[in-house]
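Report on one structure; see the data block that follows.
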Amino acid sequence: MIENSNTEFKREYTDSIRKAVVAFANTDGGCIYVGIEDDGTVVGVADVDDVQKRVISLCRDGIQPDVMMFLSCDRTVIEDKDVIRLQVQRGTDCPYYLKGKGIRPEGVYVRRGPVSLPAAESQIRKMIREAGDFHYEQERSLEQELTFKETERFLQEAGVPFGEAERRTLRIVSKDGLYTNLGLLLSDQCQHTVKVAIFSGKKQVVFRDRREFSGSLLLQVNQVIEYLDFHNALHSEIRGMKRLDSRDYPVESLREAIFNAFVHRDYGFSGSILVSVYEDRIEILSLGGLAEGVTYNDMMLGVSIPRNPKLAEIFYRLHYVEAFGTGVRRILTDYAECEEKPQFLVSDNAVKVILPNLHAEWDHPVIAEDVVQDERQEYTTEIAADEGVYQLIAAGLDSRKKLQSELGFSLTKTVNILRKLLDEGRIQRVGNGKNTRYRCK
59 MIENSNTEFK REYTDSIRKA VVAFANTDGG CIYVGIEDDG TVVGVADVDD
109 VQKRVISLCR DGIQPDVMMF LSCDRTVIED KDVIRLQVQR GTDCPYYLKG
159 KGIRPEGVYV RRGPVSLPAA ESQIRKMIRE AGDFHYEQER SLEQELTFKE
209 TERFLQEAGV PFGEAERRTL RIVSKDGLYT NLGLLLSDQC QHTVKVAIFS
259 GKKQVVFRDR REFSGSLLLQ VNQVIEYLDF HNALHSEIRG MKRLDSRDYP
309 VESLREAIFN AFVHRDYGFS GSILVSVYED RIEILSLGGL AEGVTYNDMM
359 LGVSIPRNPK LAEIFYRLHY VEAFGTGVRR ILTDYAECEE KPQFLVSDNA
409 VKVILPNLHA EWDHPVIAED VVQDERQEYT TEIAADEGVY QLIAAGLDSR
459 KKLQSELGFS LTKTVNILRK LLDEGRIQRV GNGKNTRYRC K
């Protein structure tokens, strides 16, 4: 007998048995023998009944979800000595985790050969998806130590209760009492951010100012809108006896574009929402393409299927959005009499909304629709290439040569994309020369 992917030996009772049980339940099942040395030497168990009770109690009280229906603990005799055999089947409610550690790598274990190892976050998410219908908002959050100071403030100001019952109704807390990813997004510990950059001129060359907003999504969206409102210049024009005031960007259109970026983005990606303000336009880039089953033409007709419906519902309760599906139509209506029209550029992994500055001086005629289609395709390809490089870096391809080889890009294109991701603050460079490596921030 040797230790392997389905067999573990314990010389005596120890709390580490829990890790092995979790690992087997999360992987392909296995047996734990108490009373056998790591090298296979049988030493036996003196008080079998007592150890059995302790093992059962340890698993019942120290592992979540309940794993007991997948366990059997019995006495067996090996080489004339009493040994406890704990048989573990793969569970149906993965991931199983140590109660005191939570659904995090330090609490979730998987079996790799003869060793029980902490699961990577990507493995944990995969197990959650496979356990039932996948919806990011309703996944169990990997972080359970959450506070809601800012969210509670915004909801109270809007007259929306935020007690324990309401948290369950809003799906911030799941049926088993754990915080969901929606809870994480609304918490003060939210890891996603929005990056806003103000550029001089019409190109992404000289920064005038840049900010990064973090914390609860409700705090972020309010801060971003307030910041952009400050940079949305007011212009006055005298017509007859009246003074007419107008902004560079229609206020409602800008708000709709920002709200849509939050509601429709894919929070499974670790990158930030990017807002770039130029002399002649604002570009809002949100990760995640259109929801499954929705086409570009559907979107332009007003079809709206929020990727995060519960977040959209909270935005609706706070009167951030009036009704679902009106955002694109409102933006097009605000620009109906304008020479320059908004653009909506879509790829598999991102959506970019471009709002023209109503007071910018344009040195070209109105763009024909076929040219717009060409530019849309060009932008779409650009977004997909950038996101492809970013995702490969996140997956561990950390050198320029590896990225270039994997994607089949030219040296110049690969370098330009890396430089752009560096400028946007999505990645960082480590090392120099041949030892240069790239990491996601």
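Quick note: to get the numbering used here, add 58 to the position in the sequence shown (first position is 1). Glycine included, C-beta positions come from ideal geometry on N, C-alpha and C.
- Annotation for Gln-247: Glu-201, Glu-203, Leu-204 and Thr-205 place their beta carbon closer than 8 Å to its own, counting only its chain and skipping 5 residues before and after.
- Using a Cβ-Cβ distance cut-off of 8 Å, the stretch 146 to 157 and the stretch 77 to 85 are in contact, since at least three pairs of beta carbons, one from each stretch, lie closer than that value.
- Bridge partners of Gly-88 according to DSSP: Val-146.
- For the set Asp-234, Glu-208 and Asn-62, the Cα lying nearest the Cα of Pro-123 is the one of Asp-234.
- A direct Cα-Cα distance of roughly 20 Å separates Ala-349 from Leu-275.
- Rounded to whole angstroms, the Cβ separation of Val-411 and Ile-342 is 5 Å, and the two are in contact under 8 Å.
- Given a length threshold of 4 residues, each whole run of the alpha helix (DSSP H) inside the stretch 79 to 133 is given here in chain order: 106 to 120.
- If you look at Ile-372, you'll find it isn't in any beta strand (DSSP E); it sits in the alpha helix (DSSP H) that goes 367 to 375.
- Restricting attention to Thr-134, Ser-115 and Asp-132, the CA atom closest to the CA of Val-125 is found in Ser-115.
- The beta carbons of His-293 and Val-335 sit no closer together than 8 Å.
- Rounded to the nearest whole angstrom, the C-alpha separation of Val-92 and Ser-344 is 53 Å.
- Boundaries of the beta strand (DSSP E) harbouring Ala-408: 408 to 414, taken from the DSSP string.
- Residue ranges of uninterrupted alpha helix (DSSP H) with 4 or more members, entirely inside the stretch 286 to 332 and ordered along the chain, are 309 to 322.
- According to DSSP, residue pairing for Lys-68 in a beta bridge involves Val-92.
- The C-beta distance from Pro-172 to Glu-61 rounds to 4 Å, short enough to meet the 8 Å contact threshold.
- Counting the other Cβ atoms within 10 Å of the Cβ of His-322 gives 16 or more, which makes it buried.
- Residue pairing from DSSP places Asp-267 in a beta bridge opposite Ile-256.
- Under the three-state reduction of DSSP output, Glu-341 falls in the strand class.
- Per DSSP, reduced to three states, the secondary structure at Lys-139 is strand.
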